[in-house]
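Residue numbers (our numbering), protein chains in the order written: chain A, 1154 to 1450; chain B, 1154 to 1450.
Protein chains: 2
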Amino acid sequence: MRVGIIGGGAIGLLFAAYLGKNNDVTLYVKRQEQAEAINNKGITLHEGDSCASTFIRASSKMKNMTEQDLIIVAVKQYHLDDLYEVLKNIPSGISLLFLQNGIGHLKLLDKLPHEQIYVGTVEHGSLKESDHAVAHKGKGRTNAAVYRGSGKRLMELSRCSGDFPVEMQPDYEVMLLEKLAVNAVINPLTAVLGVRNGRLLEITEYEALAKAVFEEILLIYPKLNGVIGFDEIKAIACRTGENTSSMLADISAKRQTEIEAILGAALEKAEHCGIPLSVMPVLYKMVKGIDHERRKE
Amino acid sequence: MRVGIIGGGAIGLLFAAYLGKNNDVTLYVKRQEQAEAINNKGITLHEGDSCASTFIRASSKMKNMTEQDLIIVAVKQYHLDDLYEVLKNIPSGISLLFLQNGIGHLKLLDKLPHEQIYVGTVEHGSLKESDHAVAHKGKGRTNAAVYRGSGKRLMELSRCSGDFPVEMQPDYEVMLLEKLAVNAVINPLTAVLGVRNGRLLEITEYEALAKAVFEEILLIYPKLNGVIGFDEIKAIACRTGENTSSMLADISAKRQTEIEAILGAALEKAEHCGIPLSVMPVLYKMVKGIDHERRKE
Chain A
1154 MRVGIIGGGA IGLLFAAYLG KNNDVTLYVK RQEQAEAINN KGITLHEGDS CASTFIRASS
1214 KMKNMTEQDL IIVAVKQYHL DDLYEVLKNI PSGISLLFLQ NGIGHLKLLD KLPHEQIYVG
1274 TVEHGSLKES DHAVAHKGKG RTNAAVYRGS GKRLMELSRC SGDFPVEMQP DYEVMLLEKL
1334 AVNAVINPLT AVLGVRNGRL LEITEYEALA KAVFEEILLI YPKLNGVIGF DEIKAIACRT
1394 GENTSSMLAD ISAKRQTEIE AILGAALEKA EHCGIPLSVM PVLYKMVKGI DHERRKE
Chain B
1154 MRVGIIGGGA IGLLFAAYLG KNNDVTLYVK RQEQAEAINN KGITLHEGDS CASTFIRASS
1214 KMKNMTEQDL IIVAVKQYHL DDLYEVLKNI PSGISLLFLQ NGIGHLKLLD KLPHEQIYVG
1274 TVEHGSLKES DHAVAHKGKG RTNAAVYRGS GKRLMELSRC SGDFPVEMQP DYEVMLLEKL
1334 AVNAVINPLT AVLGVRNGRL LEITEYEALA KAVFEEILLI YPKLNGVIGF DEIKAIACRT
1394 GENTSSMLAD ISAKRQTEIE AILGAALEKA EHCGIPLSVM PVLYKMVKGI DHERRKE
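Here it is as structure tokens:
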């Protein structure tokens, strides 16, 4: 399959390195320098002690995306707005797969003319090591579901994803919300408190806060009742106990966080529906403030 | 006047160094080692570039407190319970002055048999430099008010406090709550966010959180309406902008915080009165969790 991937971050590189083995992949990146590095050296994929290279095409020109069957959009949610003009101009017959966290990006998808739009959640751990190298830190899978149209290209992707499983999910909303619940409980708290994931279970007061966030999420998205329980989120925090959450990593590296994607849309919905909250708005303001401090420095 | 001071921390040393100039002062401390250091070397008081010594009596025996006119209790609120037996056995004719933060300690005062009980708030900045040295970091004053009985010994203290002003206040509750409001707004937020006081005004989201805490305090203690406004708390945060709050300093030094004194009693009252809160309970749990982490290490 001809697959375009937009975004030269950890997720874009990871998808290009894996999908490039069995597909005709073009990676679209922002900087010409990164495109050249990838075209000259391929993408180096580190996994445990092993190391492999995949040679794919890279381009810093966002034009001429007409030759693809599927385009995977692998930029952070907060970069989607800047990409809107590019996306709008992709021929509407090309299928698009969006990999952003949260559900805030669905509003943008509604404005696109494309016939097939898919959304996905990524369970892999990955770390960008250089412009052309990525480490696969935790093997997981990609979940994907139809947002609009038929699932044709998604099924095709699922079939030819090889050792990088892409699993079709029946309900895009449940799929996105499940990931959102996990992110909402683990990310802001670990980021504000400056602790690794496992600490949320070791300290009674932290676990109480995590539980309170989860209960607020259920109030906002009652559809999640019975789909995911707090015990499952605890199990994830336990399994990833030694890890630094992506939001804490962003804060430590003074990068912008994904707080808008993870809590922004949920808080908007809560306000719209008049749902009284306590913990989430505090965490939201704290992380927004930390983001704000970063920009001041 | 014969003044006993209980507590060899920054506040106890500061009071002993200043009041020792014009009064017959005995400082009661926990460790024999500290008592010996003070008896041998006096208390060294650093203020700006100047340095002076006051010689007073120090003792690690909490017995024989019968010879005092006034005893100032200068331990943290969380150490008061341990001191209860000692306090109870001080002859009830001796006046007591309590300098703890918050209002949580009033419950304990109600159980004491003494005829004259005073409470005070300290506006000085002080830092314990060694067992017998203290730095006076910010000159302020001590406010004091009658909690029970007559103000006789308090007026006497106020008269002979010299260059270390002790001002009589008419209403102990308003006085304590005013200090509590300032502490509740500035301390937990700066502690959790790891920022100096001034940051609360520089970052919009932090200021919004500070304001939310202040409004919750007003809901819990409506008596403060018209007594202190958010602008006054902002002025204090601004004046102390470069300072690290005492709670952040405690956390950085992995010491126990005063979160119970500062938010504990307020939250109890809110729960008792069914006042819905959002920000304070979150800050409380976060700081309690940080305290909990410290004990685990």
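Every residue, glycine too, gets a C-beta built ideally from N, C-alpha and C.
Here K1441 of chain B has I1412 as same chain residues with Cβ atoms under 8 Å from its own Cβ, once five neighbours each way along the sequence are excluded.
Using a CB distance below 9 Å, the part of the segment 1429-1446 of chain A facing chain B consists of P1429, L1430, S1431, V1432, P1434, V1435, L1436, Y1437, K1438, M1439, V1440, K1441, G1442, I1443, D1444, H1445 and E1446, ordered along the chain. Contact between I1404 of chain B and I1443 of chain B is confirmed by a C-beta separation of about 6 Å, below the 8 Å threshold. By the C-beta density criterion, R1352 of chain B is buried, having at least 16 other C-beta atoms within 10 angstroms. For N1175 of chain B, the closest of B:I1191, B:R1312 and B:G1201 by C-alpha to C-alpha distance is B:R1312.
About 7 Å separates the beta carbons of A1227 of chain A and G1162 of chain A, which is inside the 8 Å limit, making them a contact pair. By the neighbour-count definition (other C-beta atoms within 10 Å, threshold 16), T1357 of chain B is an exposed residue.
Within the same chain, L1353 and L1354 come within 7 Å of E1360 of chain A by CB-CB distance, once the 5 residues on both sides are set aside. By the 16-neighbour rule on beta-carbons within 10 angstroms, K1438 of chain B is buried.
Non-local beta-carbon contacts of S1303 of chain B in its own chain, meaning distances under 7 Å to residues more than five positions away in sequence, involve Q1269 in chain order. Any Cβ of chain A closer than 9 Å to the Cβ of I1356 of chain B would place that residue at the interface, and such an atom is present.
Judged by DSSP in its simplified three-state form, N1378 of chain A adopts coil rather than helix or strand.
DSSP assignment within the segment 1249-1333 of chain B yields the following whole beta strand (DSSP E) runs of 3 residues or more, N-terminal first: 1270-1275, 1278-1283, 1286-1291, 1295-1301 and 1319-1321. Neighbours of Y1231 of chain A in chain B, taken as residues whose beta carbon is under 9 Å from its own, are absent, since the nearest beta carbon is some 16 Å off.
Using a Cβ distance threshold of 9 Å, F1168 of chain A and I1225 of chain A count as a contacting pair.
Out of A:Y1181, A:Q1185, A:M1321 and A:A1334, the CA that lies nearest to the CA of E1385 of chain A is found in A:A1334. Within the model, the alpha-carbon separation for L1420 of chain A versus K1229 of chain A is close to 19 Å. Distance check between N1193 of chain A and each of A:H1285, A:R1184 and A:Y1271 places A:H1285 closest, using alpha-carbon atoms only. Note on G1195 of chain A: 16 or more other CB atoms within 10 angstroms of its CB, so buried under the neighbour-count rule. Bounds of any beta strand (DSSP E) do not take in E1360 of chain A; it lies within the alpha helix (DSSP H) bounded by T1357 to I1373. Non-local C-beta neighbours of I1373 of chain A in its own chain, meaning closer than 7 Å and more than five positions away in sequence, comprise A1419, K1422, A1423 and I1428, ordered along the chain. By the Cβ criterion, the segment 1313-1321 of chain B is not in contact with the segment 1212-1222 of chain B, since fewer than three pairs of Cβ atoms, one from each stretch, lie closer than 8 Å. When Cβ pairs closer than 8 Å are counted between the two stretches, the segment 1329-1349 of chain B is seen to touch the segment 1375-1395 of chain B, the count reaching three or more.
Under the Cβ distance rule, A1361 of chain A counts among the residues neighbouring chain B, one pair being separated by less than 9 Å.
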